[in-house]
Amino acid sequence: MVATFKIAVLGAQGVGKSAIVRQFLYNEFSEVCVPTTARRVYLPAVVMNGHVHDLQIMDFPPITAFPPGLIPLCPLQEWADVCCRGLRSVHAYILVYDICCFDSFEYIKTIRQQILETRVIGTSETPIIIVGNKRDLQRGRVIPRWNVSNLVKKTWKCGYIECSAKYNWHILLLFSELLKSVGCARCKHVHTTIRFQGALRRNRCTIM
0 MVATFKIAVL GAQGVGKSAI VRQFLYNEFS EVCVPTTARR VYLPAVVMNG
50 HVHDLQIMDF PPITAFPPGL IPLCPLQEWA DVCCRGLRSV HAYILVYDIC
100 CFDSFEYIKT IRQQILETRV IGTSETPIII VGNKRDLQRG RVIPRWNVSN
150 LVKKTWKCGY IECSAKYNWH ILLLFSELLK SVGCARCKHV HTTIRFQGAL
200 RRNRCTIM
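This is the structure:
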């Protein structure tokens, strides 16, 4: 049986979250920054340790706030905002920031806190991975890597990975760790290999 994992990718404008997704899916990078203005949904399949897994990767434009929990008088509140549809029902969150931009880190810090405060009480914990993009520009880093890693792993209890979408560095590692974090039983406690089934799902993208 093929399991489908829903993943939300969030971050401030210009941090490279869409570039990370496209590098993972298509092994390509563009120097031209095109702002994400609508939710993009990708439906790839990956092979990990010989087993196929369907992914639903949702690339969201910057949001002002994480959608609140359902209110009795407005049970469809989450679905009222097209940009946020499906954001509360994913299996994992990727929060991307630019290691050269302090404000982008403050943005994901706020979004992470809102996720914790608004997710339904009593449900299983949803994994959150913090991603520091643009490692190739590390000379312009605004916060020491150790400080961020220590905060994220020890205080926030989240995963932390730095990557470079431009040079395809640690992109596969990011999604490999993500699948392990969402409870893929076959991916735990073994050396994980991951291969993207591009030929099968390359054109399955929906802009909503």
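Residue 207 is where the sequence shown ends in numbering that gives the first Met the number 0, and the numbering goes up by one at each step. Quick reminder that beta carbons are idealized off the backbone N, C-alpha and C, glycines included.
Practice task
State buried or exposed for D102, treating a residue as buried only when at least 16 other CB atoms are found within 10 Å of its CB.
Solution key: exposed
Exercise for the section: Confirm, please, whether the CB-CB distance from C162 to N132 is below 7 Å. Expected result: yes
Problem - Distance between beta carbons of V130 and I160, contact taken as under 8 Å - result: 5 Å
Exercise for the section: Assuming D97 contacts G13 (C-beta within less than 8 Å), just tell me the rounded distance between them. Expected result: 7 Å
Exercise for the section: Kindly indicate the opening and closing residues of the alpha helix (DSSP H) around Y25. Expected result: K16 to Y25
Handout entry: Sequence-distant residues of the same chain with beta carbon closer than 7 Å to F59, five excluded per side
Key = A7, V8, L9, R38, C82 and L86
Practice task
Quick one: residues in its chain with C-beta nearer than 6 Å to the C-beta of H90, no 5 flanking neighbours on either side, listed in chain order?
Solution key: F4, K5 and V181
Practice task
Look up I160 in the DSSP assignment and say whether it is helix, strand or coil.
Solution key: strand
Problem - Within 7 Å, strictly: CB atoms of G139 and C99 - result: yes
Exercise for the section: Have a look at Y106 and S88 and give me their C-alpha separation to the nearest angstrom. Expected result: 21 Å
Problem - K133 - DSSP class collapsed to helix/strand/coil - result: coil
Practice task
Label Y166 either buried or exposed according to how many other C-beta atoms from any shown protein chain fall within 10 Å of its C-beta, with 16 as the threshold for buried.
Solution key: exposed
Exercise for the section: List the whole-angstrom C-beta distance separating A64 from Q112, where the pair is believed to meet the contact cut-off of C-beta under 8 Å. Expected result: The pair is not a contact, with the Cβ atoms about 11 Å apart (cut-off 8 Å).
Exercise for the section: Note down the Cα distance separating C32 from G15, rounded to an integer number of angstroms. Expected result: 8 Å
Problem - Assigned secondary structure, W168 (DSSP; H/G/I helix, E/B strand, else coil) - result: strand
Practice task
Please name the residue, chosen from L150, Q55, N149 and E30, that lies closest to L177 on a Cα-to-Cα basis.
Solution key: Q55
Exercise for the section: Compute the Euclidean distance between the alpha carbons of R144 and H169, then round it to the nearest angstrom. Expected result: 15 Å
Practice task
Kindly indicate which residue of N146, K152 and P67 has the alpha-carbon position closest to the one of P126.
Solution key: K152
Practice task
In angstroms with no decimal places, state the Cα-to-Cα distance between F28 and V147.
Solution key: 26 Å
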